[in-house]
Amino acid sequence: MKKNKYSIQSVLSICFACLIVFAGCAGFTEDGNSLETNNSIDINLESQFAAARTTQIGKVDVGETESTITIIHEQIGACVKKDSVFKWDESFYWGDTIKYYCSFKGDTLVLTDSSINHDTGLPTYTSFFFVGGTNGVLDGIWMVSPCVSFQGDLVCWDDGVTTFIQIDGDKIEFRESQDNFDYMSSGFVYNLFSFIDRKPRIDYSVLSQADIFAHSMDLEYWTTQDNFVINNKTNRNMTFTYEGRFWTLNVDYVSRSDSAVVSLSSGDATCQWHFREKKSSFQELCREEFEEYLYSTYWYSFDTYVWNYKNNNYEEFGSCINRIQGIEKN
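Going by this note's numbering, the sequence shown opens with residue 85, and the numbers climb by one from there.
Spelled out as structure tokens, the structure:
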């Protein structure tokens, strides 16, 4: 089997797919043709799961032959605008299903997605791996393996995020632990350094929280430049020098999927960037007084607009940095 080490950015979309994939096949025997994976786990899954943050709750359905599983993604309720008035519509319902083939290899759960390649017309197979459970028993807590198989080619990554699922009958819950995620090697820092190095603006406006904190291998570029010196760095803070000026960057608070507060200081001055994004369950924010933070997406299947919430002070953050540097940017 071929095993590659890909950049984090190239597999982020894959990793997100993992989060919405897991479902429930019970009573299977071991599939001898499953890909070989490392299923040894030296952690207490129950305590790790209890400490992690819930990211999604869904439903699962086991096929009649117990060889397939289906996960059902639902959105119940949405922020809509009728007659110039924002209102939370409890009757709004959206559901989507994804079907997977299911098998076990030892105590590793393997879920495989089959799709047709539009260029060749041939089927392609993607397998996801979940470890820590019991062979043939789906109910319980599983941890997502940081590897995905594309047509037998194993792609692995390590972004410091640990994902868990808990399956209980027809219910599934997804949780994330981000304690080891390296925010200082993310696209956020790459864009920040670009801005400090005279780029006209910070590109945080149209991005989601997941995009902003996606890992960026391009950060290595800045460490090779004479005008940037990284003095100290952890996964949540950094001190660096740019053209003789000393800076301190710190992630004060972060929930990688929907909110963050970051501080950047130099001397006695501090600039703070905050971001909050909500796409579901934000009834208290679906009101006219928050209209400047509400943006719409068109749902073709419903012939209507659904509004989401995003509060992002990136322009104020950029202006504050400019004042510290004593420069103006057009």
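Idealized CB from N, CA, C, for every residue including glycine. Just so it is clear, the structure is predicted and the values come from calculations on it, not from any experiment.
Residue environment, residue i, which counts as buried when at least 16 other CB atoms sit within 10 Å
i, result
"residue 233", "buried"
"residue 314", "exposed"
"residue 250", "buried"
"residue 141", "exposed"
"residue 262", "buried"
"residue 255", "exposed"
"residue 225", "buried"
"residue 266", "buried"
"residue 206", "exposed"
"residue 282", "exposed"
"residue 264", "exposed"
"residue 393", "buried"
"residue 124", "Because residue 124 sits at a pLDDT of 43, beneath the cut-off of 50, its placement in the model cannot be relied upon, and the point is left open."
"residue 128", "exposed"
"residue 201", "exposed"
"residue 243", "buried"
"residue 236", "exposed"
"residue 177", "exposed"
"residue 218", "exposed"
"residue 208", "exposed"
Cβ shell of residue i (< 8 Å), same chain only, five flanking positions each side left out
i, result
"residue 389", "164, 165, 380, 381, 382 and 383"
"residue 325", "312, 313, 315 and 331"
"residue 138", "257, 258 and 259"
"residue 337", "343, 344 and 345"
"residue 156", "142, 143, 144, 145, 179, 180 and 181"
"residue 365", "161"
"residue 133", "225, 248, 250 and 259"
Beta-bridge partners of residue i, as assigned by DSSP
i, result
"residue 207", "200"
"residue 353", "350"
"residue 145", "154"
"residue 366", "Beta-bridge pairing links residue 366 to no other residue."
"residue 330", "325"
"residue 137", "260"
"residue 378", "393"
"residue 360", "343 and 395"
Distance cut-off 6 Å: residue i Cβ against heavy atoms of the ligand NAD
i, result
"residue 169", "With respect to the ligand NAD, the structure offers nothing, as it holds no ligand at all."
Anticipated Cβ contact below 8 Å, residue i with residue j, distance rounded
i, j, result
"residue 268", "residue 317", "5 Å"
"residue 397", "residue 377", "So it is not a contact: roughly 11 Å between Cβ atoms."
"residue 192", "residue 215", "5 Å"
"residue 253", "residue 223", "7 Å"
"residue 347", "residue 329", "In fact, because the Cβ distance is near 16 Å, the residues do not count as touching under 8 Å."
"residue 321", "residue 334", "4 Å"
"residue 194", "residue 211", "6 Å"
Chain-order list of residues whose beta-carbon lies under 7 Å from that of residue i (same chain, five-residue window excluded)
i, result
"residue 272", "296 and 297"
"residue 183", "152 and 154"
"residue 136", "248, 259, 260 and 261"
"residue 402", "279, 285 and 286"
"residue 367", "172"
"residue 327", "311"
"residue 363", "392"
Same chain only: Cβ atoms within 6 Å of residue i, ignoring 5 sequence neighbours per side
i, result
"residue 370", "163, 170 and 172"
"residue 308", "none"
"residue 404", "355"
"residue 306", "277 and 312"
"residue 410", "none"
Whole beta strand (DSSP E) runs in the region 152-238 with 3 or more residues, listed along the chain? The qualifying runs are 152-166, 169-189, 192-200, 207-215 and 224-234.
Alpha helix (DSSP H) segments (min. 4 residues) lying fully within the region 236-324: Listed in chain order, the complete alpha helix (DSSP H) runs (minimum 4 residues) inside the region 236-324 are 271-280, 293-296 and 303-307.
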